[in-house]
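In the numbering used here, the protein residues as written are 11 to 163.
A virtual CB, placed ideally from N, CA and C, is assigned to each residue, including glycine.
For clarity, every value in this text was computed on a predicted model and none was experimentally measured.
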Ligand SMILES: CC(C)(COP(=O)(O)OP(=O)(O)OC[C@H]1O[C@@H](n2cnc3c(N)ncnc32)[C@H](O)[C@@H]1OP(=O)(O)O)[C@@H](O)C(=O)NCCC(=O)NCCS
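#1: For ligand 1, list every residue whose C-beta falls under 7 Å from any of its heavy atoms, going in chain order.
#2: Kindly indicate which residue of 54, 70 and 117 has the alpha-carbon position closest to the one of residue 99.
#3: Looking at residue 44 and residue 80, is the spacing between their C-beta atoms short of 8 Å?
#4: Can you have a look at residue 109 and say buried or exposed, based on whether 16 or more other CB atoms are within 10 angstroms of its CB?
#5: What does a CB cutoff of less than 7 Å around residue 145 pick up in its chain, not counting 5 residues either side in sequence?
#6: How is residue 35 classed by DSSP in three states: helix, strand or coil?
#7: Please list the terminal residues of the continuous beta strand (DSSP E) segment that includes residue 85.
#8: Determine whether the beta carbon atoms of residue 115 and residue 91 lie at a separation below 8 Å.
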């Protein structure tokens, strides 16, 4: 798994029970998952087709820092399925807990909104990065290292 994004829970994220509103958390997950999938697939033209079951295991309070992690479960022909996990980090206690996790699936679409294949280059690059770096989104330094190794091979 790799860290996709971090978010601090604010007063305006709170619902009626002093906890972060569930819909806001789902939106954050969709946002993080879509941006992760888009970067992996080299395209913003992805639509969410499916969310698996999602259980809110722990409440999120104002000031809690959420860390959203992800990994690819599977590439299909036009789809990419991700495992997404949200952990909260309490800055007062240093405690970290899993708030929720789920699988999210996206489909790559063309201008008309029809499914189109995700390229084999994207799939093989993810597999190669996972093997060498343990993740699909590389830092600038890691990308340079990857480019160098491609030139050398
Ligand atoms: C995504 C969409 C284009 C797919 O169209 P479709 O006619 O279902 O396409 P297909 O049947 O050819 O399936 C395309 C992919 O979706 C997957 N899929 C379709 N229905 C699915 C379902 N019920 N559950 C899981 N995956 C499904 C297929 O497995 C396929 O993946 P693959 O190519 O990797 O095998 C269409 O359903 C759509 O536009 N949905 C609305 C998306 C949206 O608005 N999302 C919210 C905003 S981003």
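Walking through what the data contain:
#1: 57, 58, 59, 60, 86, 87, 88, 89, 115, 117, 119, 123, 124 and 125
#2: 70
#3: no
#4: buried
#5: 12 and 139
#6: helix
#7: 75-85
#8: yes
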